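J.: Following this message is one structure expressed as C-alpha cells.
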Amino acid sequence: MELSIDLLKQIAINVYDAINPILGTKKAAEKAQRGAGGDISMQIDLIAENIVIETLENANANLLLISEELGERYIGNKEKTIKNQNVLIIDPVDGSNNAVRGIPYCSISIAYAIGRTINDIKKAVILDLNTKDIYWAIKGEGAYLNYSKIHVSDLDITDKCFFEFNLPMKNFFKHIDNLRPIFRRFFRIRVLGSSALTLCQLAKGSMEAFINLRETNRLVDVAA
1058 MELSIDLLKQ
1068 IAINVYDAIN
1078 PILGTKKAAE
1088 KAQRGAGGDI
1098 SMQIDLIAEN
1108 IVIETLENAN
1118 ANLLLISEEL
1128 GERYIGNKEK
1138 TIKNQNVLII
1148 DPVDGSNNAV
1158 RGIPYCSISI
1168 AYAIGRTIND
1178 IKKAVILDLN
1188 TKDIYWAIKG
1198 EGAYLNYSKI
1208 HVSDLDITDK
1218 CFFEFNLPMK
1228 NFFKHIDNLR
1238 PIFRRFFRIR
1248 VLGSSALTLC
1258 QLAKGSMEAF
1268 INLRETNRLV
1278 DVAA
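Heads up: the sequence shown begins at 1058 in the numbering used here, then just goes up one per residue.
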C-alpha cells in the first residue's frame, strides 16, 4: 500500500510537537551514541526519530526506514515491505547544531520512494521546526509551501542573487582561489546549516543557488 502525503505531513507535525519546546535547551544537546550517519547523536535527534517510528507503527505501515541515526530498519512486516518496495528516507533533525543552540534554522526531512534509487522518490515533506511551515511535493505535480504552489527564482545571474555555500573548513583554504570567480558573481553568501531547508528556499525563490562542496553528501540530506 502506497503511503499518503498526509501521513508524511503527520509524521513531520508529530516531530514538531515533540521537538519545538526543547529547541535551544540543555536537554536537546545531551550527547548519545554515534549515529549510522557517522555523527554523534544528540537527544533531540533520538526523540525525533522515536516519534517517526511510533507514528509509522500506529499507522500500520510496512516499509524500510532509512534514517540519519539508526541506519536501516524494517517497520511492520518485512516480507510485505520487500514486495511493495516502500522506502522512507528521513533526517529527523537536519541542522541539529542550530537546533540545540536555539538558532531558528532546522528541519525534519522525509522522502518516500517505491524502490531503492533516488529516481524512485515519489513524495517528500520538509517541515521547518521553528515556524511549522510545511514544504511538500508529489512527483510531477510541483512543490508547495503549506497550501500555496511555489516556484524558483527568475533572477538572472547578473542580478543581486543570494546563494548558500557549504564547504567544510578542512577544504576551505584548499579551494578558495578556485572559488573566487563564483563569489564575485553573487550579491550575498549565506551559510545557514540545514541543507534540506536551504533547498526549500531555492524551491520558493528566496535564494538562487546552493553550492555544496562537501566531499560526501548523505542521502538523508538531499533526498526530500
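Yeah, the Cβ is synthetic: ideal placement off N, Cα and C, and Gly gets one too. None of the values given here were measured: they were computed from a predicted structure.
#1: Return helix, strand or coil for I1147, following the three-state DSSP convention.
#2: Between the stretch 1061 to 1077 and the stretch 1161 to 1172, can you find at least three pairs of beta-carbon atoms closer than 8 Å?
#3: Which partner residues does S1124 have in the DSSP bridge list?
#4: Tell me the DSSP secondary structure of K1135 in three-state form.
#5: Would you kindly work out how many angstroms separate the C-alpha atoms of I1171 and I1268, rounded to a whole number?
#6: Is the stretch 1135 to 1151 touching the stretch 1188 to 1196, taking contact as three or more C-beta pairs under 8 Å?
#7: Is it a yes or a no for the stretch 1102 to 1109 touching the stretch 1196 to 1212, going by three-plus beta-carbon pairs under 8 Å?
#8: Do you know offhand how far L1080's Cα is from F1240's?
#9: What is the residue span of the alpha helix (DSSP H) that A1105 lies within?
#10: Which residues in the same chain have their Cβ closer than 7 Å to the Cβ of C1257, if we skip the five residues on either side of it in sequence?
#11: Taking the alpha-carbon positions, what's the P1161 to V1072 distance?
#12: If G1128 and A1118 are in contact, beta carbons under 8 Å, what's the gap, nearest whole angstrom?
#13: Quick check: S1205 and G1262, are their CB atoms within less than 8 Å of each other?
T.: Considering the structure as presented:
#1: strand
#2: yes
#3: G1128 and I1147
#4: helix
#5: 29 Å
#6: no
#7: no
#8: 33 Å
#9: Q1100 to N1115
#10: I1183 and Y1192
#11: 16 Å
#12: The Cβ separation is near 18 Å, so there is no contact.
#13: no
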